[in-house]
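First up is the structure itself, then whatever we jot down about it.
Residue numbers (our numbering): 638 to 861.
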């Protein structure tokens, strides 16, 4: 269970505070992804961040748990001390090998600044043939365009793969709100849709474990 909640032990902002159980739900324990606020040091990946939002996770077949983290902080808005703007939105990938009790590995997937490059709305999937885990989200550029971007973490990897963008012509600057899934034969499918697309639904396919995708084909349209 991964609620997005205000928890002062974690932060003064929303943070990834998870609950895990190992006895079928009779007892629950709390885990602070990236450690509790008082425990984070400059050597920790989540040090200096104030907020983690949009919790989403995925399991490998061996029980390894992957957790995508949208991290950001706030800066004052003009002279008004109560007005705040988000800044520094980075995308991280946390990995647990004990069912979510601890997340000792946190990888950087993508940087951003919440203004020129803003990341939002992650979804995750796994390729059952390889146990590669994928995170796909909206990359909003300059507040004007929305483009799906995907980052993969292979089984046992110590870093993430380079970001993958999706070649398509149906709506070059207006897709997002995407999802991704792997089939048993290893084919990876990305579903690209979104608020700026005028109701397009585009499907893109990869046969190399998500390293590259073909040009997406429009499957249907809908009324947003």
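All C-beta atoms in this analysis are idealised placements derived from N, C-alpha and C, irrespective of residue type, glycine included.
Segment limits, beta strand (DSSP E) that includes residue i
i	result
residue 827	825 to 830
residue 683	First-last for residue 683: undefined, no H or E at that position.
residue 867	With the chain covering only 638 through 861, there is no way to say anything about residue 867.
residue 771	770 to 778
residue 762	754 to 763
residue 856	854 to 858
residue 663	That residue, residue 663, is in no beta strand (DSSP E); it is neither H nor E in DSSP.
residue 742	742 to 747
Option nearest residue i by Cα separation, candidates the options
i	options	result
residue 776	789, 764 and 801	801
residue 668	661, 682, 652 and 660	652
residue 677	785, 849, 741 and 711	741
residue 744	711, 774, 735 and 797	797
residue 822	855, 843, 697 and 646	843
residue 845	819, 733, 837 and 647	819
residue 727	738, 747, 733 and 736	747
residue 736	660, 811 and 830	660
residue 703	648, 738, 799 and 860	738
residue 729	684, 711 and 700	684
Residue i - partner residues in DSSP beta bridges
i	result
residue 668	655
residue 647	Residue 647 is not bridged to any residue.
residue 802	786
residue 724	710
residue 816	828
residue 690	707
Residue i, DSSP secondary structure in three states
i	result
residue 843	strand
residue 705	strand
residue 675	helix
residue 639	Low per-residue confidence applies at residue 639: pLDDT is 48, beneath 50, and the placement is therefore not dependable enough to give any value.
residue 850	coil
residue 811	strand
residue 733	strand
residue 766	coil
residue 838	strand
residue 861	coil
heavy atom of the ligand MN below 7 Å from residue i C-beta
i	result
residue 739	Ligands are entirely absent from the displayed structure, and the ligand MN is therefore not among its contents.
Is it true that the region 682 to 695 meets the region 776 to 789, where meeting means three or more beta-carbon pairs spaced less than 8 Å apart?
no
Is the region 670 to 687 in contact with the region 756 to 763, if contact means three or more CB pairs nearer than 8 Å?
no
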